[in-house]
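To start, the structure under review is shown below, and the notes come after it.
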Amino acid sequence: MPEQQSELERIRRLVIPPLPPLALLEIWASVTISERVRVEEKEKEDKAATDKELKALEVKIKALEEKWLTNSEEMQALKNKYEELNSKVDALDRELRGRSIYVVRI
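Using the UniProt record's numbering, read the sequence shown as starting at 1 and increasing by one per residue.
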């Protein structure tokens, strides 16, 4: 077993020569920096996507608020028209009762 390990070590040294500590530090720093840059780019992309989604939601909310306001105004107009027509029906009902004609409402 020790012979196998020493043989593996010898092969590793032939294939991958030992690097000086400064070279190892440079490789580590390069990998670390590139990973950090990738993470920062991903964070920027995620933030941009989130901002885009928020903007779309704001637009939808604004449209729904405008639609609600329009519907509220239409509802108020319909309510006013109903009250006006109901007043006219009541007036006609009173007038017909004065003439002894009765109206049956459905």
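Beta carbons: idealized from backbone N, C-alpha and C, even for Gly.
- [ ] Note down the Cα distance separating K55 from K67, rounded to an integer number of angstroms.
- [x] 18 Å
Task: R97 in three-state terms, based on DSSP - done: helix
Task: Inter-residue Cα distance where the pair is K79 and L85 - done: 10 Å
TODO: Whole angstroms is fine: what's the gap from S30's alpha carbon to L69's?
DONE: 58 Å
TODO: Please go through the same chain and pick out, in chain order, the residues whose beta-carbon is closer than 6 Å to the beta-carbon of S34, but skip the five residues on each side of it.
DONE: none
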